[in-house]
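Please read the structure below before turning to the comments.
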Amino acid sequence: MDVRSVFLNTTPAKPGHILLADADAGPIKSVPHIYCRESRRKDSFYRMKNLSQEFYPPPDKRKKPDIPLVKSRVVKRKWSGTLPDKYIAALTEQVSQSNITQWVNELCSFHTRHTKSNYINQVAAWLNDRFVEFGYTDIFAHEYTQQGYNLKNIICTKSGSVNTGQTIIVCSHYDCRMENLENADARAPGADDNASGVAVLLELARILRSVELEDDIQFAAFSGEEQGYWGSMAYAQYIQDNDINLVRLINLDQVGYPPSDNSVIVERDMGNLPDNNLPSEEFGTVMAQMAADYTNMPVQLGPTYGSDYMPFEARGYVVIGAYEAGDNPNYHTGSDIPATVGYSYITDIARMVIGTLLWETASVTDEAASATDIYIRDNTSDTGDQPSSYPHWKSPDIWVRNNPPDTEGEDPEGGHQPPINNQPNYLYTRINNKGGQPASEVTVKAYHCNPATGLIWPDHFEFMGEIILSESILPNDSIRVGPFVWTPHIVDHECLFAIASATEDHAITDIYNSRLDHSLLVRYDNNVGQRNVAPQNSVPGGKTKAMFLVYGDTIPSSNSVSIDASAFPPDTRIQVRVPRFFVGRAEQVPGFRVLRMNSRWVYLALAGGETGTIRDFPLQAEERGSVSMTVDFSYNAVDKQVYSLQATQERNSRVAGRYTIEITAVKETGDFVFGNPRSMELHTVKCPFWSRISQKNKIPFETIADGLARGYNGCAFCLNPYDTG
0 MDVRSVFLNT
10 TPAKPGHILL
20 ADADAGPIKS
30 VPHIYCRESR
40 RKDSFYRMKN
50 LSQEFYPPPD
60 KRKKPDIPLV
70 KSRVVKRKWS
80 GTLPDKYIAA
90 LTEQVSQSNI
100 TQWVNELCSF
110 HTRHTKSNYI
120 NQVAAWLNDR
130 FVEFGYTDIF
140 AHEYTQQGYN
150 LKNIICTKSG
160 SVNTGQTIIV
170 CSHYDCRMEN
180 LENADARAPG
190 ADDNASGVAV
200 LLELARILRS
210 VELEDDIQFA
220 AFSGEEQGYW
230 GSMAYAQYIQ
240 DNDINLVRLI
250 NLDQVGYPPS
260 DNSVIVERDM
270 GNLPDNNLPS
280 EEFGTVMAQM
290 AADYTNMPVQ
300 LGPTYGSDYM
310 PFEARGYVVI
320 GAYEAGDNPN
330 YHTGSDIPAT
340 VGYSYITDIA
350 RMVIGTLLWE
360 TASVTDEAAS
370 ATDIYIRDNT
380 SDTGDQPSSY
390 PHWKSPDIWV
400 RNNPPDTEGE
410 DPEGGHQPPI
420 NNQPNYLYTR
430 INNKGGQPAS
440 EVTVKAYHCN
450 PATGLIWPDH
460 FEFMGEIILS
470 ESILPNDSIR
480 VGPFVWTPHI
490 VDHECLFAIA
500 SATEDHAITD
510 IYNSRLDHSL
520 LVRYDNNVGQ
530 RNVAPQNSVP
540 GGKTKAMFLV
550 YGDTIPSSNS
560 VSIDASAFPP
570 DTRIQVRVPR
580 FFVGRAEQVP
590 GFRVLRMNSR
600 WVYLALAGGE
610 TGTIRDFPLQ
620 AEERGSVSMT
630 VDFSYNAVDK
640 QVYSLQATQE
650 RNSRVAGRYT
660 IEITAVKETG
670 DFVFGNPRSM
680 ELHTVKCPFW
690 SRISQKNKIP
700 FETIADGLAR
710 GYNGCAFCLN
720 PYDTG
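Mapping the sequence shown onto numbering that gives the first Met the number 0, position 120 (from 1) lands on 119, and the numbers just tick up by one.
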């Protein structure tokens, strides 16, 4: 078999596996993701020792080797509901396009990053500061001298959680140049070459800071690349001299200029020392699979050339690279500026690379071969497949009952009841097993939180309880778990959350203890379910109020909030109160009409049948603001019809959370009692004062107990037994 023809075959591999195949002979075998780990023994390839005459000319990526690119035959795998697939999916979604954009712009703000300029050490200090901000302490400036210049590589190390004795390097060069290589004073922004690669390097370091990885990871920022790999050559020699067991290297150089088909080139070692070629191609296969699984980028396979992996390859180390497939006309010119690169493309490349690192060395149990797959449905059509189908906040497998299970006539399977404030309620959840083997030692934890979008796990959630099952869940069966006893204090809404784990099917939260956008857990981990509760009733022409919080990310972010009232009749009137800084920072507020404002708040109007958006306003890390809505309900609402109003927060162009208000139109009948929010009294339709109460002051409650729990008092005339004075 020609080792240069190792590809993913079009035949799907088993979950958690990849297919290694010969281009002519077809598939060889389906191998688990640990396959490449097992081939990384230090003595498995030859190390060059005598490199005293090592020299490389200044690289030119436009001068491509006479080896054609080959389209990778990767196929997007169907993710399993087990580890590591769902874990990788959730973490790749943490890549922030906003961060990448910011870092490209900051790097380009230096007049130049030319290796021989006075700015080069300022850039090195800036890089050091970024690693410190992420929380790293093992950072050192690897110093070297070339042609009389004292230069630095910035090396940030994340120690592995297991003492494997193995190191993986992710590297990019931070220097740049203009057409004239010797002109160290010319303005040289270097956005694509190579602020783009450095931005990816930084984003990987930020995300992986709190992730357990088995191997040591070094994030290496090299100087001197444009002069002929000065920094990487010095550091490759350092690695060799210090007998560091470098098992893999990923190089990031020029990853910002996409072609028309948005493809990326995965560069693999195809020459020089033959002993490291096959491991390089195997590693490149993993990266190609990650591109297929976690991005929409097609992959082209090509050779390594013209960048910082070359000194490492010459010493026999296993190297690959990510490189843009577009031909950038701004290469080594003053027009290589931030406005000319594709930030969504860079973001996808970052997702591909972080997926590769997690697949290779994440400290997580490989449960891909498990025959157990438990899940909590996100909606009535959900069958446990990943990622789950929309919507994600209406789990039918989470419900509330108002009475304890031993109450006469109480049926825990009787369906969901709106929670009643200030008294014990009883939460149940259903755990399903779509696997072929029983799920044993199942643990279920329940949580709740206040209404909000952009919720962060675990910061915004309150623990309700834990139940460990004494019995297994049989294949293709389910079991009810509960009750979890809970006394709510709901203003208008509540988010209920359940997480299940089993011996051979753990939840992401079992292995990841850091902060995470909660919507990533719900979408990518079928062990997690969410239900937003406390829908409201309204008479036609009635008034409904609601409030929710909008949270910033754990880092600065760009946000948009939209209110979708398209399901409401046109005569519905909605007033939205938002913090003034939301609107003041926003680029636009299409769909809304500004009513008034003061020093703290802006009041916006929205009609039924319309959608309004507060678009692109920045929030700092941990910053938040409250949004209040008053819905003057339609007089034309249909009795018993449920009308949904949905608020959606996008963070860095991705959905971060949704908040849904469901209002059921009800007639003024004896089936309900009605609260007057002005007098805080409950009335029946037979009350002698009924005709004096305006439509806007009639809040329907299904039970007297529910109204009393919300702070109302019985009317002295029509509900005298409940009048407490």
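All C-beta atoms, glycine included, are put in the ideal place defined by N, C-alpha and C.
Simplified DSSP state of F591, which is helix, strand or coil:
coil
Could you say which of N696, I510, I554, L548 lies nearest to L212 if we only look at CA atoms?
I510
Determine the direct distance from the alpha carbon of Y711 to that of M679, and round the result to whole angstroms.
5 Å
DSSP on C717, reduced to helix/strand/coil?
coil
In the DSSP assignment, what residue or residues form a beta bridge with F616?
N558
Quick one: what's got a C-beta closer than 8 Å to Y55's C-beta in the same chain, skipping five residues either side?
G227, Y228, M232, M309, P310
Just to check my reading of the structure: V532 and P418 have Cβ atoms closer than 8 Å, yes? What is that Cβ distance to the nearest angstrom?
6 Å
Let me confirm a value: A545 is counted as buried when at least 16 other C-beta atoms fall within 10 Å, else exposed. Which label applies?
buried
Alpha carbon to alpha carbon, how far is F221 from K75?
34 Å
Buried or exposed (CB count within 10 angstroms, at least 16 for buried), A114:
Per the sequence shown, the amino acid found at residue 114 is Thr instead of Ala. That one is buried.
Residues in its own chain within less than 8 Å of A606 by CB, not counting five upstream and five downstream?
A564, P569, T571, R572, I573
First and last residue of the uninterrupted beta strand (DSSP E) at C494:
493 to 500
Let's see if you can read the secondary structure: which residues bound the beta strand (DSSP E) around V254?
That residue, V254, is in no beta strand (DSSP E); it is neither H nor E in DSSP.
If R112 sits next to C175, beta carbons under 8 Å apart, how far is it from one beta carbon to the other, in whole angstroms?
5 Å
Please name the residue in Y256, I119, W485, H459 whose C-alpha comes closest to that of E465.
W485
S160 versus T360: straight-line alpha-carbon distance, rounded:
10 Å
So, under 8 Å CB-CB, G624 and F581 are touching, yes? Tell me the CB distance rounded to an integer number of Å.
6 Å
Measure the C-alpha to C-alpha separation of I138 and V122 and round it to an integer number of angstroms.
15 Å
Residues sharing a beta bridge with W485, DSSP:
N424
For W392 and T659, which I take to be in contact (beta-carbon distance under 8 Å), what is that distance rounded to the nearest angstrom?
7 Å
Do L468 and V441 have their C-beta atoms closer together than 8 Å?
yes
Would you report the Cα separation of N424 and A445, rounded to the nearest angstrom?
13 Å
From Y721 to A708, what distance separates their C-alpha atoms?
12 Å
In chain order, what residues of the same chain lie with their CB nearer than 8 Å to the CB of N597, ignoring the 5 residues before and after it?
R579
By the DSSP assignment, the beta strand (DSSP E) with G464 in it spans what residues?
461 to 467
When you compare the CB positions of T346 and I99, do they come within less than 8 Å of one another, or not?
yes
Closest Cα partner of I153 within the set L106, T406, E142:
E142
Pull the bridge partners of F311 from the DSSP assignment, please.
None, per the DSSP bridge assignment.
Who are E142's beta bridge partners in DSSP?
K151
Are N432 and S394 closer than 8 Å when you measure CB to CB?
no
Cutting at 7 Å between CB atoms, please list the residues of its own chain near W689, excluding the five before and the five after it.
H682
Please determine if the segment 379 to 390 and the segment 316 to 330 are in contact, where contact requires at least 3 C-beta pairs separated by less than 8 Å.
no
Straight-line gap, S29 to V73 (C-alpha atoms, nearest Å)
With a pLDDT of only 41 at S29, under 50, the local geometry of the prediction cannot be trusted, and the value read off the model is given with reservation. Those two C-alpha atoms are separated by around 14 Å.
Does the separation of the CB atoms of G674 and F700 fall below 8 Å?
yes
Span of the alpha helix (DSSP H), counted from its first residue to its last, around W229
229 to 240
If we call anything under 8 Å between Cβ atoms a contact, is Q253 one with K60?
yes
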